[in-house]
Amino acid sequence: MSITVDDVLAARARIAGTIRATPVEPSPSLTERAGQPVNLKLEHHQRSGSFKLRGAANAILKLSDAEKARGVVAVSTGNHGRGVARAARENGVRAVVCMSRLVPRNKLDAIRAEGAEVVITGRSQDEAQVEADRLAAGGMVMIPPFDHADIIAGQATLGLEIVEAMPEVETVLVQLSGGGLIAGVALAAKARRPGVRVVGISMERGAAMHASLAAGHPVEVEEMPTLADSLGGGIGLRNRYTFRMVRDLVDEVVLLTEDEIAAGIRHAYFAERQIVEGSGAVGIAALLADKVRLAGPAMVVLSGGNIDMTLHHRVVSGETVDVAAAAA
Ligand SMILES: *Cc1c(COP(=O)(O)O)cnc(C)c1O
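Quick note, the sequence shown lines up with residues 1 to 328 if you use full-length UniProt numbering.
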């Protein structure tokens with residue numbers, strides 16, 4: 001049941017033709033603020049716009065030929081759907097992504113544009129899940145978003161790239177939602193550099209892993225609209241991998257307000273010239289808010305860039321964007 005560095009090395013070889021090893025760039029502005037060297041891992045330049053392609057590609061490429069022929073299915077409105085769609089298309093596998101009728105048109109189009117068939121059903125993510133389960137019962141292979149050994153091993157390849165690009169790294173700042181990304185990154189980074197500190201960053205609005213760690217077991221939290229929309233959702237009450245891995249491998253977890261996340265998006269744009277979605281900007285935001293103090297060189301992961309450009313424009317223009325009020 002446990003994932004090893006050999007699994008991660010195998011994943012890296014397997015997905016090399018599908019993913020891009022993303023660049024690392026120094027951040028002079030954050031380096032000056034923090035008084036320590038700060039580098040940015042530009043994973044929002046990953047194909048499909050986020051790291052989710054790594055795990056999806058690893059999970060799909062590990063399937064047998066018979067399974068590949070039956071196709072894959074996922075439930076997602078965002079980056080997981082895009083990653084599964086792209087990984088499947090690049091490897092000649094049929095992909096179906098299920099989502100509810102309430103999902104906005106632009107999100108649906110983005111997943112279709114990556115090559116998936118989209119099935120629209122029901123009025124909630126749970127109802128979309130029912131349809132996906134039906135397709136899986138009919139033979140398609142379900143690709144889960146985070147709580148799966150092949151997904152975690154795929155995301156862990158990002159951790160290898162981080163330590164190779166910055167062997168002296170002392171702190172890694174990583175997004176935390178379901179925990180597939182940070183579990184993988186922490187596993188790989190600590191295997192290569194045992195003393196490295198891994199800090200998880202979530203939003204105050206609906207941080208399911210944070211609440212679960214506090215409770216000592218997976219719990220549900222109320223989902224709320226947030227600028228860090230890719231960090232929403234639960235960890236699953238029957239969580240198999242990520243809860244334990246995060247508990248054992250992540251050194252601390254920090255929560256951010258909506259204003260702090262907005263400041264992260266703005267800083268990424270004006271100081272780093274990067275267009276990053278709210279979830280992608282939380283590492284920068286945590287440093288700006290002084291919620292993470294550095295005692296040595298640091299790497300900040302920018303995990304995704306899929307933000308509605310009208311929303312991005314409003315945020316960088318300095319408008320106070322209240323996504324909760326907009327959704328009400
Ligand atoms: C999915 C996602 C995350 C969170 O990843 P988990 O594995 O669920 O913790 C962070 N950033 C972006 C851009 C994502 O799409």
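Note that the Cβ used here is the ideal one computed from N, Cα and C, for glycine as well.
Predicted, not measured: the structure shown is a model, and the values here were computed from it.
Rounded C-alpha distance that separates residue i from residue j
i	j	result
F243	D147	9 Å
H45	Q274	10 Å
A136	A87	18 Å
N91	S48	14 Å
S29	V315	20 Å
R82	E127	20 Å
S64	V282	37 Å
A98	A59	Here residue 98 turns out to be Cys, not Ala, going by the sequence shown. Near 18 Å, if we compare the C-alpha coordinates of A59 and C98.
R94	E131	17 Å
V196	I120	43 Å
G318	E258	13 Å
L187	R12	14 Å
N79	E114	11 Å
S27	M299	10 Å
S212	I111	30 Å
E67	A116	17 Å
L288	A295	15 Å
K62	I162	24 Å
I284	R33	11 Å
L108	Q125	14 Å
L9	D290	35 Å
F270	H312	12 Å
H217	G179	14 Å
Under 9 Å between C-beta atoms of residue i and residue j
i	j	result
E168	P23	no
G304	E25	no
V199	E252	yes
I3	T157	no
K41	L302	yes
A286	L173	yes
V75	Q129	yes
residue 365	V73	Since the first residue shown for the chain is 1 and the last is 328, residue 365 is missing from the structure and cannot be characterised.
G232	E220	no
A208	G234	yes
L210	L255	Correcting the residue type first, residue 210 is His in the shown sequence and not Leu. Yes, the pair counts as a contact, with Cβ atoms nearer than the cut-off.
L237	I265	no
A262	T310	no
S230	Q175	yes
P225	V323	yes
S100	R123	yes
Closest by C-alpha distance to residue i, when choosing among the options
i	options	result
E204	V246, E260, V185, G178	E260
A16	V141, A56, T121	A56
T171	R193, T157, I151	R193
G35	H80, E114, V292, L63	V292
V246	E223, S177, V221, I307	S177
P104	I307, S317, V321, D322	I307
N39	D290, R197, Q129, E272	E272
V141	G236, V96, A325	V96
A153	A191, R112, G184	G184
S279	S202, H312, M209	S202
G138	A69, T77, A10, L61	A69
T77	P145, E32, A149	P145
R240	D133, T31, A149, D7	A149
L181	S50, G122, R89	S50
A21	P37, T31, D7, R54	R54
M166	R14, P37, A325	P37
Give, in chain order, every unbroken run of the alpha helix (DSSP H) that is at least 4 residues long and sits entirely within the region 137 to 207.
149 to 165, 180 to 192
Quick one: which unbroken alpha helix (DSSP H) runs of 4-plus residues sit fully inside the region 12 to 58? Chain order, please.
28 to 34
Which runs of the beta strand (DSSP E) fall wholly inside the region 215 to 294 and span at least 3 residues, in chain order?
252 to 256
Ignoring anything shorter than 4 residues, give me the alpha helix (DSSP H) runs that lie fully in the region 83 to 133, in order along the chain.
105 to 113
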